[in-house]
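Engineer: One structure coming up, written as structure tokens, with questions to follow.
In our numbering, the protein residues as written are 246 to 1199.
Pasting the structure below:
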């Protein structure tokens, strides 16, 4: 029954629709019933009467039910056409089937009349055309007389025309009546609504004034928002009132204050909405206009909050001040259509007051914060300016950052722009719990920067950068560092001095602390500027002290160098000063050779002792670290990849392998004279830029001093050479005098070798004369005990043998060995073990070699070209003197023989005794032969020989 009753309800508040619906319901029921009665009463001329009757019954009921359902849904017009169009079609089919009489055609006129009444005459005319056309076709098919069709057409048109005119009049009268009724109802409702609206507006204005009065004097933002939301809820009786404020990045609207237990829970959960999200609050913020939702179930942008399920309507109003969005006021009600246009005006007025109050509170808070920042900056400046120690400034600054900005960790770095590295100067972490202590990490650690890193960008742009642990652009290293420290956000602030960055500050906060606000960033920048200024002042003071120390050191070094008498003293002084200033384990000095193609090691010092460099060959200028410095005349500092650099430069390692090497050119008057180098075998970072600068300063006076002493030694050497030359000439003169005054050959050569050894400070001098019979060079004179031993042994060397004397006596050319250890021709002499260099000079007279002079020294390279020339001159003079002595001895011997012959001849001439004559002759012959026995036989007259013998004298 309920379903049947629901078919007769009409779901429409429109009275016209309800009236037409009632008429249509009656017509549907009546016509359906008449159709059934007609079917039952009029006999059908067919054998299928019962099936057709059943089909018509079911069809009529379905058609009636469908039309009644459409009417109950308020679709009167559609139901009218659906029912009567179907009736027209059914009636036409029955007419053509022959199951009815011709009078049935007049029954179709009812459809035309009903449509004209329920809808409009113009639609009814369509039905009239359809009915007339149907009857015409029927009359033609059944061969009805033309009068039948004409009579039916006239009847149909007459009834239709009368109906159409009556319907138009009724419709016009009904419309006018409805308009009057609506007008009266509207006026009545307006009067009632106007009174209610005025009463409501008066009450709202009074409440708005009360809210504005109570909140305008409050400058505490949190208390202001709490009072505002509570007053609006209590005074206006709303379900939920909340205020949303934008976050720092204006990416979210954060619930700052809300009413009720739901509001408390949402605040605890830190409820927030994306600024560009889909919600009523976000829409009002983005469009800066209020948005009213009369029914939250029908609003497309409404976002349901699980804790606010009772909300039926909502209004969101932007909070604006000075054309800036400060937040959104959100008001929700349990009632549908709770907010009207006048509510919007009142609430907007309240929103404007709230926005102004929020702006005032924020300005007041900013003013207080600015005053507090100024005071903090003043205190920080006082704190930092009371010390000039750079390390202490870093420590104080780190703690000040942590205290003033409420961070959990603060790290300060210095930036070395030359090699693009940062050095951690201090790391300060605050107490994590009440019983913990804040800690400083003062270990300095250096990190290399990647060119595209965020830290590199901060230092180059000198702009702060904020990192979140979940930021998409954060580097893996920074993200891991945040995880290791247990932090959520990191703020990087550059330390800027003038127009360049000198370092940076990293500030960390955990998830328990609020994120960094723009005010925090600005305050951190101001503090960083104070720290950079303090570091700059400390650096200037430190540089001033260092400059004073450098000047003092340079004065001390200059004085020490000026008083140094020798290069060895200079090297020792440079070693003491340099190793006391830099962290070096070794020092070396090499000087450029005269040919400018090689470097000679002249001084080396390592691990507290001087290095023996006598066996180290000269270094080609094309190789090695020192060769690079000499070629390019620039400082070379190597402290990384030492093995590869050694191979690259083809460097020679003397002593321990170094981890850090620093070489500086020694230049005087734009001329390179050498290289000074320091090295450290343990620390790669032993030499700082300041050390390099200091050594470059020292290299200047060191080079000048070395050059002056070299020049002085050259002058001294020249004077010594002149003195030596005078000695040589004097010795040559004495040898020449001895040669001219001493006629005895042995005395001459003994005196000559003694003079040469004494005047030239030699180790040994010996003189050999050639024995023509044996072709041996026989030692005739030698100095000291070694010479006496060799004379006693009758020391002699083969002419042309494998010795210096043998070679000189063979071809008449000098033989010299500056280092006997390097000469294969030289043969050692056991009685002369200390010989290191030897010179053999041939003794030649008129192209004939008569001997050789050997000159030996205990020093290698002892024979200079000048000394060799002098000794050669003396050798030539000595050879002539020896030859003259030999000639003189020969002449004297000849004279003595002639005198003896004359005496013998006289004795023999004066004697008449043959025996006496023979004895006198034999005695003369025996004396000539050195006392040899002489025998002679003389024939006797009788033919026998008479033996005669001369015995030598005892």
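Idealized CB from N, CA, C, for every residue including glycine.
Can you give me the C-alpha to C-alpha distance between residue 1190 and residue 1166, rounded to a whole angstrom?
Structural biologist: Legend: pLDDT at residue 1190 = 49, less than 50; position of this residue unreliable, value from coordinates given subsequently. The straight-line gap from Cα to Cα measures roughly 18 Å.
Engineer: Can you tell which of 381, 1053 and 367 has the C-alpha that lies nearest to the C-alpha of residue 406?
Structural biologist: Among 381, 1053 and 367, the Cα nearest to that of residue 406 is on 367.
Engineer: Looking at the unbroken alpha helix (DSSP H) that takes in residue 877, where does it start and where does it end?
Structural biologist: Its alpha helix (DSSP H) spans residues 869 to 877.
Engineer: From the DSSP secondary-structure annotation, give me the bridge partner or partners of residue 1021.
Structural biologist: Bridge partners of residue 1021: 1016 and 1043.
Engineer: What does the alpha-carbon distance come out to for the pair residue 1046 and residue 1071?
Structural biologist: Spanning the two alpha carbons is a distance of roughly 11 Å.
Engineer: Helix, strand or coil for residue 1180? Go by DSSP, reduced to three states.
Structural biologist: Residue 1180: strand per DSSP, three-state reduction.
Engineer: Among residues of its own chain, excluding the 5 on either side of residue 878, which ones have a beta-carbon nearer than 7 Å to its beta-carbon?
Structural biologist: Result list for residue 878: 910, 912 and 917, in chain order.
Engineer: Alpha carbon to alpha carbon, how far is residue 281 from residue 339?
Structural biologist: Between residue 281 and residue 339, the C-alpha separation is close to 14 Å.
Engineer: Roughly how far, in whole angstroms, is the beta-carbon of residue 1130 from the beta-carbon of residue 1016, given that I think they are within contact range, below 8 Å?
Structural biologist: 17 Å between Cβ atoms; not a contact.
Engineer: Nearest by alpha-carbon distance to residue 600: which of 657, 474, 702 and 664 is it?
Structural biologist: Among 657, 474, 702 and 664, the Cα nearest to that of residue 600 belongs to 474.
Engineer: Within 7 Å of any Cβ in chain D, is that where the Cβ of residue 992 sits?
Structural biologist: Chain labels in this structure do not include chain D; a single protein chain is all it has.
Engineer: Could you compute how far the alpha carbon of residue 293 sits from the alpha carbon of residue 408?
Structural biologist: A caution first: residue 293 carries a pLDDT of 49, below 50, which makes its placement in the model unreliable, though a value can still be read off. Each residue's Cα considered, the two are about 39 Å apart.
Engineer: Answer yes or no: do residue 871 and residue 920 have a C-beta to C-beta separation smaller than 7 Å?
Structural biologist: Yes. Within cutoff.
Engineer: Do residue 741 and residue 769 have their C-beta atoms within less than 7 Å of each other?
Structural biologist: Not a contact, by the Cβ cut-off of 7 Å.
Engineer: Assign residue 531 to one of three DSSP states: helix, strand, or coil.
Structural biologist: Here residue 531 sits in helix by DSSP.
Engineer: Near residue 690, what residues of its chain come up, given a Cβ to Cβ distance below 8 Å and the 5 sequence neighbours on each side ignored?
Structural biologist: Only 668 and 669 meet the Cβ criterion.
Engineer: Out of 1110, 756, 892 and 738, state which residue places its alpha-carbon closest to the alpha-carbon of residue 714.
Structural biologist: When each option's Cα is compared against that of residue 714, the closest is 756.
Engineer: Taking only three categories from DSSP, how would you classify residue 680?
Structural biologist: With a pLDDT of 47 at residue 680, under the threshold of 50, the modelled position of that residue is not reliable, and no figure is offered here.
Engineer: Please state the DSSP three-state secondary structure of residue 1065.
Structural biologist: In the structure shown, residue 1065 sits in a helix (DSSP, three-state: H, G or I).
Engineer: Return helix, strand or coil for residue 1128, following the three-state DSSP convention.
Structural biologist: Residue state, collapsed to three classes: helix.
Engineer: Taking C-beta to C-beta, are residue 923 and residue 829 nearer than 7 Å?
Structural biologist: Yes; because the gap between Cβ atoms is below 7 Å, this pair is in contact.
Engineer: Thinking just about the alpha-carbon of each residue, which of 997, 1044, 1161 and 1014 is nearest to the one in residue 1123?
Structural biologist: Closest option to residue 1123, Cα to Cα, is 997.
Engineer: In three-state terms, what does DSSP make of residue 920?
Structural biologist: Strand, per DSSP.
Engineer: Distance, Cα to Cα, residue 861 vs residue 958?
Structural biologist: Going by the C-alpha atoms only, they are around 23 Å apart.
Engineer: Give the single residue among 1120, 1089, 324 and 305 whose Cα lies nearest to the Cα of residue 313.
Structural biologist: Checking every option, the nearest Cα to that of residue 313 belongs to 324.
Engineer: Among 387, 941 and 635, which residue has its Cα nearest to the Cα of residue 783?
Structural biologist: Of the candidates 387, 941 and 635, the one whose C-alpha sits nearest the C-alpha of residue 783 is 635.
Engineer: If you compare alpha carbons, which of 893, 767, 585 and 736 is closest to residue 867?
Structural biologist: Looking at the Cα atoms, 893 is the closest of the given residues.
Engineer: Among 597, 354 and 358, which residue has its Cα nearest to the Cα of residue 377?
Structural biologist: Minimum Cα distance to residue 377 is reached at 354.
Engineer: Helix, strand or coil for residue 491 per DSSP?
Structural biologist: If DSSP states are grouped into helix, strand and coil, residue 491 belongs with the strands.
Engineer: Expressed to the nearest angstrom, what Euclidean distance is found between the alpha-carbon atoms of residue 322 and residue 351?
Structural biologist: About 24 Å.
Engineer: Taking the alpha-carbon positions, what's the residue 1159 to residue 1181 distance?
Structural biologist: The straight-line gap from Cα to Cα measures roughly 13 Å.
Engineer: Contact between the region 811 to 826 and the region 934 to 953 is defined here as three or more beta-carbon pairs at a separation below 8 Å; is this criterion met?
Structural biologist: At 8 Å Cβ cutoff, the stretches touch.
Engineer: Is it right to say residue 695 is buried, meaning 16 or more other beta carbons lie within 10 angstroms of its own, or is it exposed?
Structural biologist: By the 10 Å Cβ count, residue 695 comes out exposed.
Engineer: Between the Cα of residue 1093 and the Cα atoms of 364, 1107 and 1055, which residue gives the shortest distance?
Structural biologist: Of 364, 1107 and 1055, the residue nearest in Cα terms is 1055.
Engineer: Give the straight-line distance between the Cα atoms of residue 881 and residue 889, rounded to the nearest whole angstrom.
Structural biologist: Using only the alpha carbons, I get a separation of about 15 Å.
Engineer: Quick one: what's got a C-beta closer than 7 Å to residue 840's C-beta in the same chain, skipping five residues either side?
Structural biologist: Excluding positions up to five away in sequence, the list is empty.
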